[in-house]
Amino acid sequence: MPAPFILDRTSVTQVMAWVLAALLPGIAVYVWVFGPGILVTLSLATVTALVAEAAMLKARGYPAKPFLTDLSAIVTAWLLALSLPSLAPWWLIVTGTLFAIVVAKHLYGGLGQNIFNPAMVGYAVLIVSFPVQMTQWAGPLSLSDASLTLAQSASVIFGGDVPRATLDAVTMATPLDALRTGLLQQLTVDEILVQPIFGHYGGIGFEWLAGAFLFGGLVLWALRIISWQVPLAFLAGIWLAAGFLHFFDAGRFGAPWFHLFAPSVMLGAFFIATDPVSGATTPRGKLIFGFGAGLLTIIIRTWGGYPDGVAFAILLMNVCVPLIDQYTQPRVYGEAKKSKAPPA
Amino acid sequence: MSRELFTFKGGVHPPEHKSESNTRPVHAAPLPRKLVIPLRQHIGNPAKPVVEVGERVLKGQLIGTADGYISAAVHASSSGIVRAIGPAVVPHASGLPDECITIETDGSDEWIAHAPLDYRAMEPSDLRMRLRDLGLAGLGGAVFPSAVKLDPGAHHHCPTLILNGGECEPWITCDDVLMRLHADDILQGVAVMRHLLGSTEILVGIEDNKPEAIAAIQAAAQQMDFAVEVVAVPAIYPAGGAKQMVETLTGKQVPSGKLSTDIGIQVFNVGTAYALARAVHHGEPLISRLVTVTGHVLRPQNFEVLIGTPMQVLIDLAGDRDGTTGVLMGGPMMGMPMPDLEVPVVKATNCILVQSKELFPPLPRALPCIRCARCADVCPAELQPQELFRFAQADDFGRAQEYHLFDCIECGCCSYVCPSHIPLVDFYRYAKSEIWAREKEKRAADLARERHEFRLFRLEREKKEKADKLAAKAQAKRAELAAAPKAEGAAESEADAKKALIAAALARAQAKKAEVTPRNVDHLPPDKQHEIEEIEARRAKIREMARQPLETEEKKS
């Protein structure tokens, strides 16, 4: 057995467990703002992910226990579930999760080998294939007359007999959808923002959710589970790109704060773009990776065919990772003559 | 103590476990019945035995002489009879035997005559040779022959001398204890180093978790006739690595692939300074050292141990316990497992760390790398260990070298923090040894190819020479036959025509050559011109001489 003979306490399982724990404040706010439907989505995605993971491990001849208990499948499931509309039908959740675990993760070689972020691959497949179902968002409870209980939410998700009127009463366009639709109708941003769905920064409720993800992300950073480069560069990319466009024409482009506080941004910046497997690893590479993802998010939101661009932006940057890493290799000890000592 | 400190990148904070062994007094280990002294205890050529089996040797007697510049002598650690000279198991992870001299001690511990050296009066090179013959080698772990390091080389002096009292590996306390007990002697050793290296700045770097050692060295420094700056450096592994100590104290990085002396800094371990003082002021060769025996033993402590003492003797002294799962030489971060406890203590043995399941739980199963780059965060060589791992795993050694594999100091920080528990250092060692092996193979192959090509060339030449000889013979015969009866005119005119042609061609060539002669030698003063002509004449003569054999050969054909 080779040196060293001692290990730090941290394990992959612990890293993943912290990521899950850091998502909990976001999930709590989600329930408070939009109702308990998300709990059904999360549970369904978790079960699907674990079953798919176990089946794939068996098929690939890997031992189930060390890989099932590393919690990485559950992280993927939760990230996907939190990106999906809260009242998405069950088969949508199952399809997305299966695609994420089976194709994006295991067919690429399993833990540590996937080029693309599995949750985002699942999301991309769904939004490309089922754009209509991907809009079944529950509106904030504070804006709607009706609300769904946990059982009713489950019923909606599993395709039970829920009156269409009730469903229409609880679903609502997200702020990004509303902005997009409004702009397509030749309204100015200011005219769009008078709609009740919009709050101080983003959408009502949505901004709280974004705040909760931000908080969880800062906890991960404080624990050194994630580094600061990716989230900061990601947020900076969004802020600068949106700010530039907004400054250029405030009537046609949303304000930078609005873009930052769409919940997918905070989730993406702190939990998805920071995925180490599919992201850049060098310090400068992380900055480029994050900034590029932020920039692409705004570009896709503004000129792309989908209301949100976080998933596609991250996937596109995933493609660039090998190149980024290769060209951002840091200087090693003693490589250049640069010295930290003041000139004598 | 107001020195501005610099931080090196990376590093980890493993549990220190120092108080187990540094709170007990130091004991001299009793004389063992048998001493096994390896001839290869240092970097460089192994020592050559100079005693015979059956010979009686005295304590401190030279038994293996240094072989070459980078080498060091070995000595009998006690008096007794040489019982064997040959392979024995040595402290090496491979478990392979190496040449050793085994001495059966006689218990009298009788010293050979020895006297202090008047180092100030000695010629530096003589002093260094003397130190080499006294077996001095770095006691910090690398065991590099000290005499070589004490040669300031072409620079004639080494401005900064750093004494390394870092001792950052967990569990080990022999340097700490040595500094507390023998601060004066250590600084006496430094005085000799300073004398040889011509250093003007003397720094002693000690991790700040050793306040007693710092105080002791500071007190001793007051008594010295030169300035010694004692610096407490932050305790972080591997602060005691030579390169890291250099950066912490001076802010300078040792250039990749170079030595610290290239930037005017030399680094010695405190133990080496102590051994040097014993050598110079008492004439004693390096035959003993302090060894920490700790971990899963009843009484962890430091012992003054004769080189060649079997490790089992020390473990018994410290109190063997049930449940021992293994024994390491060195610390838990860079130490190596011992194949056998009959292996002797050598100059490199700073610690014997006894393992148990509780203290050193078996390492968990390795998972795939998730590219979290924690390893890169802690790497003091500022490498990208996750990429090196990828290349090593794929046997892509070219890329591994591009990513500075050989700057890895194998400190183990990356493996320590890896959440996937991958034995990363092992992969780097594998890659390094593969590259070395391949280079060796390539060199061997190149040599073989050159030899083969030369052989082909030689065969070809011999064939040609033979053919030429035969042709010459044949022509001579033909000429002989032709000369006798024929009229000479026709043949001569034919030969004349040929000669005229050759002469014309030569003249053309000469003219062309004259044209391309460099023009920057025109219009020179006559003396210069004369000089040049002389040189030209000499060159022409040489050319002529060189051409002659060729022409004779041509004539033959």
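Chains as they are written, first to last, in numbering that gives the first Met the number 0: chain A, 0 to 343; chain B, 0 to 556.
Note that CB positions come from ideal geometry on N, CA and C, so glycine has one too.
For clarity, every value in this text was computed on a predicted model and none was experimentally measured.
From the listed residues A:T12, A:T301 and A:S277, the smallest Cα separation to V320 of chain A is found for A:S277.
Interface with chain A (9 Å Cβ-Cβ cutoff): K346 of chain B is excluded. One alpha carbon belongs to A141 of chain B, the other to A347 of chain B, and they sit about 7 Å apart. Here the alpha carbons of G240 of chain B and T247 of chain B stand approximately 10 Å from one another. In the structure shown, the three-state DSSP call for N21 of chain B is helix. Note that the C-beta distance between L362 of chain B and H295 of chain B is not below 9 Å. If you draw a straight line from the Cα of P88 of chain A to the Cα of V309 of chain A, it comes to about 22 Å.
For A87 of chain B, the number of other beta carbons within 10 angstroms of its own is at least 16, and it is reported as buried.
If you compare the alpha carbons of A:V229, A:A261, A:P329 and A:P255 with that of F288 of chain A, the shortest gap goes to A:V229. Note that the stretch 209-226 of chain B does not touch the stretch 119-132 of chain B; fewer than 3 beta-carbon pairs, one per stretch, sit closer than 8 Å. By the C-beta criterion, the stretch 114-121 of chain A is judged to be in contact with the stretch 74-88 of chain A, since at least 3 inter-stretch pairs fall below 8 Å.
Neighbours of S10 of chain A in chain B, taken as residues at a C-beta separation under 9 Å, are given in chain order as P363, L366, P418, S419 and H420. Taking every protein chain shown into account, the CB of P233 of chain B has fewer than 16 other CB atoms within 10 angstroms, so this residue is exposed. Check the Cα spacing between F257 of chain A and each of A:D324, A:P174, A:F247 and A:L217: the tightest is with A:P174. By the rule that beta-carbons nearer than 9 Å mark a contact, L160 of chain B does not touch chain A. Residue pairing by DSSP places H74 of chain B opposite B:L61 in a beta bridge. In this structure, the CA atom of T104 of chain B is about 19 Å from the CA atom of L316 of chain B. Rounded to the nearest whole angstrom, the C-alpha separation of K242 of chain B and Q252 of chain B is 7 Å. Under the three-state reduction of DSSP, A241 of chain B is assigned to helix. Annotation for H74 of chain B: G59, Q60, L61, I62, G134, P284 and I286 place their beta carbon closer than 7 Å to its own, counting only its chain and skipping 5 residues before and after. One thing to note: P3 of chain A has its Cβ within 9 Å of the Cβ of V424 of chain B. Secondary structure at G242 of chain A: helix, using DSSP grouped into helix, strand and coil. If you check the CB distance, R179 of chain A and R330 of chain A do not come in under 9 Å. Here T291 of chain B is near N301 of chain B, since their CB atoms are less than 9 Å apart.
Between F66 of chain A and chain B, the shortest Cβ-Cβ separation is below 9 Å. Within chain B, the C-beta atoms nearer than 8 Å to that of G111 of chain A come from L366, P367, C368, I369, R370 and S419, in chain order. Counting every other CB atom within 10 Å of its CB across the protein chains shown gives H451 of chain B a total below 16, marking it as exposed. Boundaries of the beta strand (DSSP E) around D97 of chain B: P96 to T104. Residues are counted here when their Cβ sits less than 7 Å from a Cβ of chain B; for the stretch 274-293 of chain A these are P275, V276, T280 and T281, given in chain order. For the stretch 278-316 of chain A, the continuous alpha helix (DSSP H) assignments of 4+ residues that do not extend past its boundaries occur at 282-302, in sequence order.
Counting every other CB atom within 10 Å of its CB across the protein chains shown gives T22 of chain B a total below 16, marking it as exposed. As computed with DSSP, C173 of chain B is found in no beta bridge at all.
At a cut-off of 9 Å between beta-carbon atoms, M192 of chain B makes no contact with chain A. Residue contact with chain B for F4 of chain A: present (Cβ-Cβ distance below 9 Å to some residue of chain B). In the DSSP assignment, V11 of chain B forms a beta bridge with B:Y236. As summarised for the stretch 28-105 of chain A, the continuous alpha helix (DSSP H) elements at least 4 residues long and confined to that stretch are 36-59, 63-67, 71-82 and 89-97, given in chain order.
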